[in-house]
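Have a look at the structure below before the remarks.
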Amino acid sequence: MHPRMRRIILLLSVFGPATITAMADNDAGGVATYSIAGATLGYPILFALLFITILLGVTQEMGMRLTLVTRRGLADLIREKFGVKVSIFIFLGLLVANLGTITVELSAIKTTSSMLNIPPMLFVGGILILAFLFITRGNYKLTQNIMLIVSLFYVVYIISAVKAHPDWGLAVSNLVYPHGVVWTHAYIRNYLIIGMGVLGTTITPWGQFFISSFAFDKKMDSDTLSLSQFETYWGAFLTDFFSFFMIVATASTLFANGIKLESGEQAALAIQPFAGHLAGTLFAYGILAAAFMGLIIVPLSTAYAFSEFFGLSGSLDTEFSQSKIFYILFMAQLVVAALLITIPGISLFQMAVATQSLNAMVLPLIFYYLIKLTNSTKLMGKHANNGFQKYFSTIFSILIIIASIVTILAIVFRW
Amino acid sequence: MAFISELTGKPVTDIDGIQIGVLKDLIARTHKEFNHPVVDAIVVQSKNEQSIIPFSEVLVLLATAISLKQNKGGFSKYISQDDDIFLIEDVLDKQIIDTDGARVVRVNDIELIRVNGNMIVSNVDVGTSGIMRRLGMAKLARKIFPSIKKEPNQGCISWDFVELLRHDQSMRLKVPAGKLAELHPSDLADIISDLSHTETGEFLDNLNLKQLADTLEEIEPDYQASLIKDMSDEKVADLLEEMSPDEAADLLAELPSTRSENLLDMMEDDEAKDVRKLLLFHEESAGGLMTTDYVSIHPDLTAEQTIKKLREIGEEAELIYYVYVTDVENHLIGVFSLSDLIMAQPKIKVTEFMHKRVVSVNLKDEQDEIAQVVSKYNLLAVPVVDDQNIMHGIVTTDDALDKIIPTSWKKRLPRFFGTLK
Chain A
11 MHPRMRRIIL LLSVFGPATI TAMADNDAGG VATYSIAGAT LGYPILFALL
61 FITILLGVTQ EMGMRLTLVT RRGLADLIRE KFGVKVSIFI FLGLLVANLG
111 TITVELSAIK TTSSMLNIPP MLFVGGILIL AFLFITRGNY KLTQNIMLIV
161 SLFYVVYIIS AVKAHPDWGL AVSNLVYPHG VVWTHAYIRN YLIIGMGVLG
211 TTITPWGQFF ISSFAFDKKM DSDTLSLSQF ETYWGAFLTD FFSFFMIVAT
261 ASTLFANGIK LESGEQAALA IQPFAGHLAG TLFAYGILAA AFMGLIIVPL
311 STAYAFSEFF GLSGSLDTEF SQSKIFYILF MAQLVVAALL ITIPGISLFQ
361 MAVATQSLNA MVLPLIFYYL IKLTNSTKLM GKHANNGFQK YFSTIFSILI
411 IIASIVTILA IVFRW
Chain B
116 MAFISELTGK PVTDIDGIQI GVLKDLIART HKEFNHPVVD AIVVQSKNEQ
166 SIIPFSEVLV LLATAISLKQ NKGGFSKYIS QDDDIFLIED VLDKQIIDTD
216 GARVVRVNDI ELIRVNGNMI VSNVDVGTSG IMRRLGMAKL ARKIFPSIKK
266 EPNQGCISWD FVELLRHDQS MRLKVPAGKL AELHPSDLAD IISDLSHTET
316 GEFLDNLNLK QLADTLEEIE PDYQASLIKD MSDEKVADLL EEMSPDEAAD
366 LLAELPSTRS ENLLDMMEDD EAKDVRKLLL FHEESAGGLM TTDYVSIHPD
416 LTAEQTIKKL REIGEEAELI YYVYVTDVEN HLIGVFSLSD LIMAQPKIKV
466 TEFMHKRVVS VNLKDEQDEI AQVVSKYNLL AVPVVDDQNI MHGIVTTDDA
516 LDKIIPTSWK KRLPRFFGTL K
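In the order they appear, the protein sequences are chains A and B. By the count of my numbering, the first sequence reaches residue 425 at its end, each step adding exactly one. By the count of my numbering, the second sequence reaches residue 536 at its end, each step adding exactly one.
Structure representation (structure tokens):
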């Protein structure tokens, strides 16, 4: 790789916590969901992406601001202001959503194993052991390298998108209003369900806790609030900048040629304009790195939220036993997810849409408390939400609830 | 014995048995002669208003319904005071400091007991049984926990060891420093790492200068810098003098240069000189890690004279276990330990029993090398010399190993991204 390129990517990924969250948001579930969105829906899904980006920026900024001003994590505050029952309820929501996401990550690993001709369960088992070693002994360099590989993978999508010579006018104008397709009943139904998936993979329940834990861990200052605010918006832009090209790359290769996305090999077609006959291998390694990253971060966020909600942190004398609970919680999620992916006949891409939609459905629950907390002038002083933040996020939370209900009905009654 | 979780939401009835509302909160107050807060009033929530009723008006608290001694409107007025503790609003679900375990924990439930007609806060429950009780599974909790755990009170902390933290809304709480005074600075530092900024400010205000300096030394310099940001320059200058010169230099290096220059000017000349010298060196080299508070003596002293001298100058030194022998130009020519000194005959010169082959490190040596030297020779500290073998300071083992074995608050749980900066 060109050294300058490497430097730029490194710069992007170490820009700050918000950027890191944003990058981590595009995990294997993200790649799979964006791929299926581009392949099934074409450019019109980009319209939804624009709003999702703004909502991502607004809500992440809320989480960051909440922690910087109050010096408490989101889970801390929910527990202190709303009590044990609400805490358990939200934690269970988070746990279910995260288990879904972890299952997708593992399912992506299973998919790559068949692309790389390795026995799947052996490979998955090996990755689980690796994940455990990683969190017990992992270091910054390794994390950075994995992030770098994943970022490079995204860049591959950008180059592929350009090389596929898409109709840029159509792509960009679809950001403003969705058009250029026949709005059949089936298309609208898919748009709704996959759109929920795109929402749930871009804005995640764990992401809300992650950003707040990160801000807390870093002991950042509320003096740098405006910088952090800029950073969260920048992070949101960056996430969906990559998502945009992933969708364009898959739309211009798969959707344009009417290829239905069912396997990893087909998803790899999207990066063929760049990678040629190496596309399959490159896709396999790229999604493997993305999956591994998700596999670390998502269960960690559950464990973190658990310790914040139920006060497991901060002890000296029982340090060992408490870390033990922490590690058990981490591994238990991976093991449950590993059991789930042994169910035969489920494709990665179906599972991605299903679990990411589930993520989206948990969001309003978390947003409700996030908005309530950040609206409170008693808690936030002059840093409470302004009108735009308040109304934009509230309106979209309501829209998500409506979309969730319609989606569930559409699936249950096979509309 | 009763738990707050079982009391809240209970109907409150007047003397005729007519319900006037439900129990919302309990107000307790600590009295001088007694550590545990005593319930002074109850907060009753009716449909459209909240009223505070003195505890003296309560006939029965621990029953299916809480009954009062008067009719509505006939209650005496409760006069609120600054040190009122609202048990639910201020304590339940909040983080507290357990001064016995030196940790920050979350309160799941609060236990009350009846003593001479008063209700007294006896324990706070920070365990799983408290959570289960909150979820309405009290019976299940009683069934499970006594059978598993030998101690029935596991997960409970006596109020004697509870230190409340000041939260955003509850300005009325004050942290009495008494219980904290006995904690080890490392424990205090650990607690600080769990607190929010406002709480930390309050917390630090309660420590005396010596405690504060010792505690700050246990915290990472960048976080130290943010903690002292709002302190007055006079106080910080005093603090810096109290801290050992190497720690003071590390802290000053984190501050904006105008402020650190200003602070150095305010410090006593001797101390400021040492610190200025240390500031010249790279943070992770021997020069940056060393402290100038070491003990050195002239070679012509006897063992007896040395002991006398140590009594005079030892107070200032960070470590007196090693005594370094230097000549007029401060060349390092020997070292001996306190045990060498005590075992030696009083009248003989130190040059007779000192070790002449001194293990030392160079000013420019990196931390890794120093750590290796320290562990290879089992030292408590290693002297730092320049290329001419002139002694400049010592690096203590804890400073040498600090980066390699980080202090506990940093490594407590795996961080999302390791030690990403």
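Backbone N, C-alpha and C fix where the C-beta goes; we use that ideal spot for every residue, glycine too. Model, not experiment: these values are computed from the prediction.
Asked, Found
"If you reduce the DSSP assignment to three classes, tell me which class residue 128(B) lands in.", "strand"
"Whole angstroms are fine: how far does the CA of residue 223(A) sit from the CA of residue 361(B)?", "32 Å"
"With a threshold of 8 Å between beta-carbons, can residue 94(A) be considered close to chain B, or not?", "yes"
"So, does the region 288-298 of chain A touch the region 88-106 of chain A, judging by three or more C-beta pairs under 8 Å?", "no"
"Note down, in chain order, each residue of its chain lying with its Cβ closer than 8 Å to the Cβ of residue 286(B), except the 5 sequence neighbours on either side.", "Confidence is the limiting factor: at residue 286(B) the pLDDT is only 36, short of 50, which leaves the residue's position unreliable, though a coordinate-based value still follows. Taken in chain order, the list of residues that qualify is empty."
"Which full runs of the alpha helix (DSSP H) of 4+ residues lie inside the region 162-233 of chain A, going along the chain?", "178-186, 195-212, 215-227"
"Counting only Cβ-Cβ distances shorter than 7 Å, please list the residues of the region 185-213 of chain A near chain B, keeping chain order.", "none"
"May I ask which residues mark the beginning and end of the alpha helix (DSSP H) holding residue 372(A)?", "358-385"
"Which one of 40(A), 35(A), 34(A) has the shortest CA to CA distance from residue 360(A)?", "40(A)"
"Considering residue 311(A), what are the terminal residues of the alpha helix (DSSP H) in which it resides?", "289-320"
"Could you spell out where the alpha helix (DSSP H) holding residue 338(B) opens and where it closes?", "336-342"
"Roughly how far, in whole angstroms, is the beta-carbon of residue 265(A) from the beta-carbon of residue 59(A), given that I think they are within contact range, below 8 Å?", "Not a contact, Cβ separation roughly 15 Å."
"Apart from the five residues just before and just after residue 61(A), which ones in its own chain have a Cβ nearer than 8 Å to its Cβ?", "406"
"For residue 90(A), which residues in chain B fall below 7 Å Cβ to Cβ?", "208, 209"
"DSSP three-state call for residue 329(A): helix, strand or coil?", "Below a pLDDT of 50, predicted positions are generally treated as unreliable, and residue 329(A), at 48, falls in that range; no measurement from the model is reported."
"Is the closest heavy atom of the ligand ATP to the C-beta of residue 42(A) under 7 Å?", "This structure lacks the ligand ATP, and indeed carries no ligand of any kind."
"Relative to chain A, which residues along the region 227-255 of chain B have a C-beta separation below 8 Å, given in chain order?", "241, 246, 249, 250"
"Anything in chain A within Cβ reach of residue 374(B), meaning under 8 Å, just list it in chain order.", "What residue 374(B) touches in chain A: nothing, since even the nearest Cβ is about 15 Å away."
"Can you list, in chain order, the residues of its chain with a C-beta nearer than 6 Å to that of residue 235(B)? Leave out the 5 residues immediately preceding and following it.", "151, 153, 228"
"Do you know how far the Cα of residue 414(A) is from the Cα of residue 326(B)?", "56 Å"
"Mapping DSSP to helix, strand and coil, what is residue 372(B)?", "helix"
"Grouping DSSP H, G and I as helix and E and B as strand, with all else coil, what is residue 169(B)?", "strand"
"Using CA coordinates, which residue listed in 220(A), 345(A), 78(A) is at the minimum distance from residue 389(A)?", "78(A)"
"If you draw a straight line from the alpha carbon of residue 252(A) to that of residue 65(A), how long is it in whole angstroms?", "17 Å"
"Straight-line CA distance for residue 524(B) to residue 335(B)?", "Caution is warranted here: a pLDDT of 36 is assigned to residue 524(B), below 50, making its placement in the model unreliable, and the coordinate value is therefore given only provisionally. Spanning the two alpha carbons is a distance of roughly 10 Å."
"Leaving out the 5 sequence neighbours to the left and right, which residues in its chain are closer than 6 Å to residue 342(A) when beta-carbon positions are compared?", "none"
"Tell me which same chain residues have a C-beta within less than 6 Å of the C-beta of residue 370(B), skipping the five on either side of it?", "340"
"May I have the straight-line CA-CA distance separating residue 488(B) from residue 405(B), to the nearest angstrom?", "14 Å"
"Taking all protein chains shown into account, do 16 or more other C-beta atoms lie within 10 angstroms of the C-beta of residue 412(A), making it buried, or fewer, making it exposed?", "exposed"
"Which stretch, first to last residue, makes up the alpha helix (DSSP H) that contains residue 86(A)?", "84-125"
"Using the rule of at least 16 other Cβ atoms within 10 Å of the residue's Cβ for burial, across every protein chain shown, is residue 337(B) buried or exposed?", "exposed"
"Use the C-beta contact count for residue 193(A): other C-beta atoms within 10 angstroms, 16 or more gives buried, fewer gives exposed.", "exposed"
"Comparing alpha-carbon positions, which option in 312(A), 256(A), 236(A) lies nearest residue 51(A)?", "256(A)"
"At least one CB of chain B closer than 8 Å to the CB of residue 408(A): is that the case?", "no"
"Could you spell out the range, first to last residue, of the beta strand (DSSP E) harbouring residue 153(B)?", "153-160"
"With 16 as the cutoff for other CB atoms within 10 Å, does residue 385(B) come out buried or exposed?", "exposed"
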